[in-house]
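**Q**
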Amino acid sequence: MQTQAPSYAVRPPKRLGGSLSLDFINTEMWRGDVPQRGERLTGYGELALWAGHVGIVDRAGARRLAQEAAERPEAAAAVLATALRLRAALGRILTAPAAPSAEDLAVLNAVLARAPTRTGLAPANSGFAWTVTETDPLEQPLWPVVWDAAELLVSGRAERVGSCSDPDCAWVFLDTSRNLSRRWCSMADCGNRHKARRHYERSRAT
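Residues are numbered in this note's numbering as their position in the sequence shown, beginning at 1, plus a constant of 5.
1) Excluding five sequence neighbours on each side, which residues of the same chain lie with their C-beta closer than 8 Å to the C-beta of Pro18?
2) In three-state DSSP terms, what is Gly50?
3) Between which two residues does the beta strand (DSSP E) harbouring Pro128 extend?
4) Suppose only complete runs of 4+ residues qualify. What are the alpha helix (DSSP H) ranges in the segment 74–101, listed by chain order?
5) Output needed for Asp180: all residues of its chain with C-beta closer than 6 Å, excluding positions within five of it in sequence on either side, in chain order.
6) How about Trp35 and Asp173: do their beta carbons lie closer than 7 Å?
7) Would you call the CB atoms of Ser24 and Val150 closer than 7 Å?
8) May I ask which residues mark the beginning and end of the beta strand (DSSP E) holding Trp135?
9) Confirm, please, whether the CB-CB distance from Leu21 to Cys212 is below 7 Å.
10) Could you tell me which of Ala94, Arg123 and Val39 sits nearest to Trp148, measuring between CA atoms?
11) In whole angstroms, what separates the C-alpha of Pro146 from that of Leu52?
12) Use the C-beta contact count for His204: other C-beta atoms within 10 angstroms, 16 or more gives buried, fewer gives exposed.
13) Would you decide whether Gly132 is buried or exposed? Buried here means 16 or more other CB atoms lie within 10 Å of its CB.
14) Just verifying my parser: in three-state terms, what is the DSSP assignment at Gly43?
15) Could you check what DSSP says for Ser26 in three-state terms: helix, strand or coil?
16) Spatial neighbours of Glu73 within its chain, please: CB distance less than 8 Å, with the 5 preceding and 5 following residues excluded, ordered by chain position.
17) Suppose contacts are defined by Cβ-Cβ distances below 7 Å. Is Thr136 in contact with Gly125 by that definition?
18) Is the beta carbon of Leu113 sitting closer than 7 Å to the one on Ala129?
19) Please classify Asp109 as buried or exposed, where buried requires at least 16 neighbouring CB atoms within 10 angstroms.
20) Return the chain-ordered list of same chain residues with a C-beta closer than 7 Å to the C-beta of Arg119, the five sequence neighbours on each side being excluded.
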């Protein structure tokens with residue numbers, strides 16, 4: 006069951022994954038075994054806002070995407086449905102890269118096939134950006150996500166993808182620690198909740 010989470014216009018995303026595709030997976034709050042999962046991508050407008058927050062587009066670009074979605078509501082709804090299928094597939098692929106299902110790979114490859122060809126580099130506000138062939142702009146938020154996921158897989162770094170030890174959270178992250186010892190998506194959030202819970206249980210036991 007899904008519940009609506011706060012809009013990205015009010016509460017920006019927490020970028021704890023260490024990789025764009027992992028941050029995309031974490032747009033679902035409480036990914037674990039919980040009765041109600043918090044959905045943040047409740048409409049195409051939220052996908053556009055997320056893309057603006059993580060740097061896929063700038064603020065003006067996010068507004069243009071939202072305007073395009075308003076003018077093409079059926080196409081925008083189809084892209085959002087694709088985004089949610091892609092997120093679910095990436096969540097399974099990147100947490101078990103040794104044994105991806107054919108169905109999940111097909112979802113990823115379908116978006117990769119529609120992504121534009123990167124033909125060169127051009128100066129951008131924060132350095133450089135790819136120049137790409139024209140394609141449907143509504144899918145623009147998904148292109149860097151699938152490119153990033155593909156790079157994780159082909160580089161072998163997907164083997165370092167971990168999941169938060171809080172069974173309710175289950176957010177994913179790239180574990181860059183030397184001995185793969187990272188346990189929490191955030192020590193300030195899930196880690197501290199775990200410490201507080203253990204302290205409470207010890208207090209009750211004594």
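Beta carbons: idealized from backbone N, C-alpha and C, even for Gly.
For clarity, every value in this text was computed on a predicted model and none was experimentally measured.
**A** Taking the coordinates as given:
1) Asp28, Asn31, Thr32, Arg45, Trp55, His58 and Val59
2) helix
3) Arg123 to Ala129
4) 78–100
5) Arg165, Gly167 and Arg187
6) yes
7) no
8) Gly132 to Val137
9) The requested residue 212 is not part of the displayed model; the chain covers only 6 to 211.
10) Arg123
11) 7 Å
12) Because the pLDDT of His204 is 43, which lies under 50, any placement of that residue in the model is unreliable, and the number read from its coordinates should be weighed accordingly. Label assigned to His204: exposed.
13) exposed
14) strand
15) helix
16) Ala81, Pro142 and Leu143
17) yes
18) no
19) buried
20) Thr140 and Glu144
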